[in-house]
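Enquirer:
Protein chains in written order, with my numbering: chain A, 1 to 514; chain B, 515 to 1028.
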């Protein structure tokens, strides 16, 4: 049985006294059987270890067990029924879910800006789930209220702030929307009560690289509208051009709008570009605009002495969002919003003063009840996984991971240059390596009329093949007038040179007949 | 060693070939040691089992190990440093986090609308964490795209809809804000591009029971403004009065505002009241308003044939939010937004058309890429825990839990009536049991001038004592002109009559000298 569970909770809870009433006789028994439940959890843990963490990170096993949707639905037997199932059947379901899910921890999963695995972070996540609490009051989450404050302090210190505020949010989008909302509130405190309907048209500025699609969604959600997101031009590397920002702000003002928010990016999604923060800060200061840095992807570079210059000037921002679930492999979700503000803007902007949550006659310091800094009533604990991992490897360990990721990306680029079929979109500034694979039949035919059309079709075919064979996962996309190209994101701590070589070999193999 | 890990991933990944270059020599080694990592995870799992799931659910152990914030910060040694720590030190940290955290699974934790434990749900949560994926494309989350659709279908069926749409959101607040945003978009599709600044003043209606504080926060976030949340009166049980809603809508129109959204509640936070949905639907139809039901707390009643009448008419709503992490014990977070709409409003309202995520030339049905239904770019998988639990107990099992919770609440009320010091706020409609404890010294002195002031101070003192002694956790709050009263929420599947009796005994013990 369960050798780790020597306490007597099970027997104690199920020892029934004589019932007081016949109608209520079942009320003396809990509806959950601890022994059976813990056995199931233990068996699930074994499956997780074997299928997800051993096989799922083993290059001898597939990244992906591709099935067509209809076939997969049948295999999983998803239907929810009136009656329950026996434990062995449920364990088979756990096994099936693991089997047919993408192995995002696998060294050959490079499809997204998350992936890999860190066991300390994962331990922190299991503990978070087991403790199942809501990060809103000191009363219900004493450890995590203090821990979150410490982790935010540590992240702010890397930005260059000794004071400030912040919060973990459910993903980068939420962090960025929070920043927008706080900036709006700072400019027009009356917006909280009166809304936007009496206000002038507000303008937001961001660059023309891809994440502007997301910025538009957030602006729409906040009632600002996508038309009020002004797109600033980028240079050839995908970096916002400060002079263009300056001109567009001036233009917007002349058209009667009120510019209030600039969203710069440190590490764009596709190209991994870093906007020139120092120069943008000059423009923001000149026009008195809120400067926000979306460092969801690139923020982790701040750990590295060698590469942190990419975010030079970040300390001049008003707010920074940073997702340690990306480059630091903390696990989804882990997204911090950091604020330079020391005037309690976050709380003032978001508080609801709900007396049922935040009683004013409590016996401890009410500033510890952080829940009214958030518009969420339930907020998951996202700090423990990062805290535990940070304790395990230290800031030096994080720096080592970042530096190694840059070196791996450099190695990958060098290898590409040695091979005939790989054509880089640009020299990478970060760990995003963007390239076209030119199949043998197309090499040397760049002048042909349908070359770009044909090239656009290469990546989707290779992608379909790699998915169906399950050997690896790499993403592709078009960008502006550039047709479909692959983007490798090189950051998983599991990666080795051999994996890099494999990626290139495999793309050649999958695309050689195209 | 690890008997569950028989595969050779560790050795395979750390077998280094000769490095190609001296600069890059470390690139042949992964930065994560699987053997060491899996051992740590295994040890953490043992601590979770023992501290959180055995002791943490055992009535012989405390719910809460209260420490003052400064003392706790010292005990936890939260500081983040440059260098990492050895495994045994990290395991001690895991142990400390477990020790000083509130045991929300404990039968005597009744402080919030979450708590208890379901082992199948917890197994689903561990698996979710290990698989670490983002629910936005079929490509990266094939199992969960299909599973989420099926779970949403099952929940919609209980609402009474054979078709519709939906999404799991990071908490009920997000679900409710989504509903508001979609309703706004349906009324004024141009709001997505133009924002609110050219539109008339929009009005939202909700009842005067406590959750209106949250509704105000969401309205502020969406740019609508708290002044535009119109408060509808409630009856003596805390239920919205449809005639007052009708009058207030008419009044708002006459004042030039555009009413567009009514947020009803099925299971209010404090009193557990259910708004009369059928009558409210009549008013919404008459005025052509979007009817939203915030059933975060009470939605789970739909599983029970005996009690589902409390939500009679819910099928007439346009949208419903429902948090299975509350009454169904799915674990934080698990919040569904359900829509009756079949015209793809959700996607139209929230889509960003980000080409880097949703390529139009994929080799499978793009409708499976659900990510652009959400304003989040990263969205956690929240369906697996509920799906697995549903498979384990079936709809019948959920119905049994709901019915038992009602019976437990009934038992608690009956016992209170037998005791002298307990005074009910009202007969409960749901599993929220609200009451004042009248200490012996105050009994029979209701006529005294300072009676209410003295009564208001009773609950905070008892609360402080129970926290510091760690015997149980129950919440209190004032409501309107009613001074501080306790609210027990009786739903944990671990609860027995003995726990109910204990609660009453313990409140008497803690308050007998007041």
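Think of the CB as a built atom: it goes at the ideal place given N, C-alpha and C, for glycine as much as any other residue.
Where residue 462 of chain B and residue 961 of chain B are concerned, what is the direct C-alpha to C-alpha distance, given to the nearest angstrom?
Expert: Because residue 462 of chain B is not part of the residues shown, which for chain B are 515 to 1028, the question remains open.
Enquirer: With DSSP collapsed to three states, give me the class of residue 181 of chain A.
Expert: As a working mapping, residue 181 of chain A is identified with position 181 in the first chain. In the three-state DSSP reduction, residue 181 of chain A falls in the helix class (H, G or I).
Enquirer: Within its chain, find whatever has a CB closer than 7 Å to the CB of residue 1011 of chain B; leave out the 5 residues flanking it on each side and keep chain order.
Expert: Mapped onto the second chain, residue 1011 of chain B falls at position 497. So the qualifying residues of the chain are 925.
Enquirer: Name the chain B residues whose beta carbon is nearer than 8 Å to that of residue 396 of chain A?
Expert: Within the first chain, residue 396 of chain A is the residue found at index 396, counting from 1. Neighbours of residue 396 of chain A on chain B, chain order: 596, 597, 598.
Enquirer: Of all the CB atoms in chain B, is at least one closer than 8 Å to the CB of residue 112 of chain A?
Expert: Within the first chain, numbered from 1, the residue matching residue 112 of chain A stands at position 112. Closer than 8 Å to some Cβ of chain B, the Cβ of residue 112 of chain A qualifies, so yes.
Enquirer: Please decide whether residue 505 of chain A counts as near chain B, where near means a Cβ-Cβ distance under 8 Å.
Expert: In the first chain, the residue the question calls residue 505 of chain A occupies position 505. Using a CB distance cut-off of 8 Å, residue 505 of chain A does not count as an interface residue toward chain B.
Enquirer: Would you say the stretch 894–908 of chain B touches the stretch 633–640 of chain B, given that touching needs at least three Cβ pairs under 8 Å?
Expert: Below 8 Å, enough C-beta pairs join the stretch 894–908 of chain B and the stretch 633–640 of chain B to call them touching: three or more.
Enquirer: For residue 276 of chain A, go through chain B and note every residue whose CB falls closer than 7 Å to its CB, in chain order.
Expert: As a working mapping, residue 276 of chain A is identified with position 276 in the first chain. None at all; the shortest Cβ gap to chain B is about 22 Å.
Enquirer: What separation, rounded to the nearest whole angstrom, lies between the Cα atoms of residue 595 of chain B and residue 616 of chain B?
Expert: Locating residue 595 of chain B in the second chain gives position 81, counting from the first residue. Locating residue 616 of chain B in the second chain gives position 102, counting from the first residue. In this structure, the straight-line span from the alpha carbon of residue 595 of chain B to that of residue 616 of chain B is close to 27 Å.
Enquirer: Using the Cα positions of residue 528 of chain B and residue 484 of chain A, report the straight-line distance between them to the nearest angstrom.
Expert: As a position in the second chain, residue 528 of chain B is number 14, starting the count at 1. As a position in the first chain, residue 484 of chain A is number 484, starting the count at 1. Note on residue 528 of chain B: pLDDT 33, under 50, position unreliable in the model; the coordinate value appears next. The alpha-carbon atoms of residue 528 of chain B and residue 484 of chain A are separated by roughly 35 Å.
Enquirer: Between residue 538 of chain B and chain A, is any beta-carbon pair separated by less than 8 Å?
Expert: By 1-based counting over the second chain, the position of residue 538 of chain B is 24. Note that residue 538 of chain B has pLDDT 41, beneath the 50 cutoff, so the model's placement of it is unreliable and no number is given.
Enquirer: Determine, using beta carbons only, whether residue 193 of chain A comes closer than 8 Å to chain B.
Expert: To locate residue 193 of chain A, count along the first chain from 1; it is residue 193. Yes, residue 193 of chain A lies at the interface with chain B (some Cβ there is under 8 Å from its Cβ).
Enquirer: Give the DSSP-derived three-state secondary structure of residue 261 of chain A in the structure shown.
Expert: The residue given as residue 261 of chain A occupies position 261 in the first chain. Secondary structure at residue 261 of chain A: strand, using DSSP grouped into helix, strand and coil.
Enquirer: Roughly how many whole angstroms lie between the Cα atoms of residue 493 of chain A and residue 283 of chain A?
Expert: What you label residue 493 of chain A is simply residue 493 of the first chain in a count that begins at 1. What you label residue 283 of chain A is simply residue 283 of the first chain in a count that begins at 1. Each residue's Cα considered, the two are about 38 Å apart.
Enquirer: Put residue 22 of chain A into one of helix, strand or coil per three-state DSSP.
Expert: Walking along the first chain from the start, residue 22 of chain A turns up at place 22. Any reading at residue 22 of chain A needs caution, since the residue's pLDDT is 36, under 50, leaving its predicted position unreliable; the model's value is listed next. Here residue 22 of chain A sits in coil by DSSP.
Enquirer: In three-state terms, what does DSSP make of residue 428 of chain A?
Expert: Along the first chain, read from residue 1 onward, the residue named residue 428 of chain A stands at position 428. Reduced to three states, the DSSP call for residue 428 of chain A is coil.
Enquirer: Near residue 258 of chain A, which residues of its chain fall below 6 Å by C-beta distance, leaving aside the five closest residues on each side in sequence?
Expert: As a first step, residue 258 of chain A must be located in the first chain, where it is residue number 258. These residues qualify, in order along the chain: 200, 202.
Enquirer: For residue 757 of chain B, which residues from the same chain have a beta carbon less than 6 Å from its beta carbon, with the 5 sequence-adjacent residues on both sides left out?
Expert: As a position in the second chain, residue 757 of chain B is number 243, starting the count at 1. Short of 6 Å from the beta carbon of residue 757 of chain B, and not among the five residues preceding or following it, lies no beta carbon of its own chain.
Enquirer: For residue 996 of chain B, list the residues DSSP reports as bridge partners.
Expert: One-based indexing of the second chain puts residue 996 of chain B at position 482. In the DSSP output, where bridge partners are listed per residue, residue 996 of chain B has B:993.
Enquirer: Just to make sure I have the definition right: I need the residues of chain B whose C-beta is within less than 7 Å of the C-beta of residue 384 of chain A. Which are they?
Expert: Translated into positions along the first chain, residue 384 of chain A becomes position 384. Neighbours of residue 384 of chain A on chain B, chain order: 611.
Enquirer: Is residue 175 of chain A closer than 8 Å to residue 336 of chain A when the C-beta atoms are compared?
Expert: The residue given as residue 336 of chain A occupies position 336 in the first chain. The residue given as residue 175 of chain A occupies position 175 in the first chain. Against a cut-off of 8 Å, the Cβ pair of residue 175 of chain A and residue 336 of chain A comes out as a contact.
Enquirer: Using a threshold of 8 Å, state whether the C-beta atoms of residue 646 of chain B and residue 425 of chain A are closer than that.
Expert: One-based indexing of the second chain puts residue 646 of chain B at position 132. One-based indexing of the first chain puts residue 425 of chain A at position 425. No, these two residues do not count as a Cβ contact at 8 Å.
Enquirer: In whole angstroms, give me the CA-to-CA distance for residue 774 of chain B and residue 981 of chain B.
Expert: As a first step, residue 774 of chain B is located in the second chain; it is residue number 260 there, counting from the start. As a first step, residue 981 of chain B is located in the second chain; it is residue number 467 there, counting from the start. One C-alpha to the other measures close to 44 Å.
Enquirer: Taking 8 Å as the threshold (beta carbon to beta carbon), is residue 779 of chain B in contact with chain A?
Expert: By one-based count along the second chain, residue 779 of chain B stands at place 265. No, no contact with chain A.
Enquirer: Per DSSP, what kind of secondary structure is residue 244 of chain A in: helix, strand or coil?
Expert: In the first chain, residue 244 of chain A corresponds to position 244, counting from 1. Here residue 244 of chain A sits in helix by DSSP.
Enquirer: Residue range of the beta strand (DSSP E) that residue 339 of chain A falls in?
Expert: Working through the first chain from its first residue, we reach residue 339 of chain A at position 339. For residue 339 of chain A, the enclosing beta strand (DSSP E) starts and ends at 335–339.
Enquirer: Below 8 Å CB to CB, which residues in the same chain sit around residue 455 of chain A once its five sequence neighbours on both sides are set aside?
Expert: Taking the first chain and counting its residues from 1, the one referred to as residue 455 of chain A is at position 455. Excluding sequence neighbours, residue 455 of chain A sits near 436, 438, 442, 483, 484.
Enquirer: Just the Cα atoms here: how many angstroms apart are residue 92 of chain A and residue 46 of chain A?
Expert: To locate residue 92 of chain A, count along the first chain from 1; it is residue 92. To locate residue 46 of chain A, count along the first chain from 1; it is residue 46. Cα-Cα distance, rounded: 12 Å.
Enquirer: Pull up the DSSP beta-bridge partners for residue 1029 of chain B, would you.
Expert: Nothing can be reported for residue 1029 of chain B, as the shown portion of chain B is limited to 515 through 1028.
Enquirer: Quick one: which chain B residues come within Cβ less than 9 Å of residue 350 of chain A?
Expert: To locate residue 350 of chain A, count along the first chain from 1; it is residue 350. In chain order: 731, 734, 735.
Enquirer: For residue 487 of chain A, which of helix, strand or coil comes out of DSSP?
Expert: Numbered from 1 along the first chain, position 487 holds the residue referred to as residue 487 of chain A. It is a strand residue.
Enquirer: Assuming contact is defined by CB atoms lying nearer than 8 Å, are residue 1025 of chain B and residue 843 of chain B in contact in what I supplied?
Expert: For the purposes of this step, residue 1025 of chain B is identified with residue 511 of the second chain, where counting begins at 1. For the purposes of this step, residue 843 of chain B is identified with residue 329 of the second chain, where counting begins at 1. Their beta carbons are not under 8 Å apart, which means residue 1025 of chain B does not touch residue 843 of chain B by this criterion.
Enquirer: Taking Cβ positions only, does residue 214 of chain A come closer than 8 Å to chain B?
Expert: By 1-based counting over the first chain, the position of residue 214 of chain A is 214. So, interface residue.
Enquirer: Within 10 Å of its beta-carbon, does residue 396 of chain A have 16 or more other beta-carbons around it, so buried, or fewer, so exposed?
Expert: In the first chain, the residue the question calls residue 396 of chain A occupies position 396. So residue 396 of chain A counts as exposed.
Enquirer: With DSSP run on the structure shown, which of helix, strand or coil describes residue 202 of chain A?
Expert: Sequence index remark: in the first chain, residue 202 of chain A carries index 202 (1-based). Residue 202 of chain A falls in the strand class under three-state DSSP.
Enquirer: For the candidate residues B:731, B:1022, B:780, whose alpha-carbon lies nearest to that of residue 930 of chain B?
Expert: Counting from one through the second chain, the residue named residue 930 of chain B turns up at place 416. Closest by alpha carbon: B:1022.
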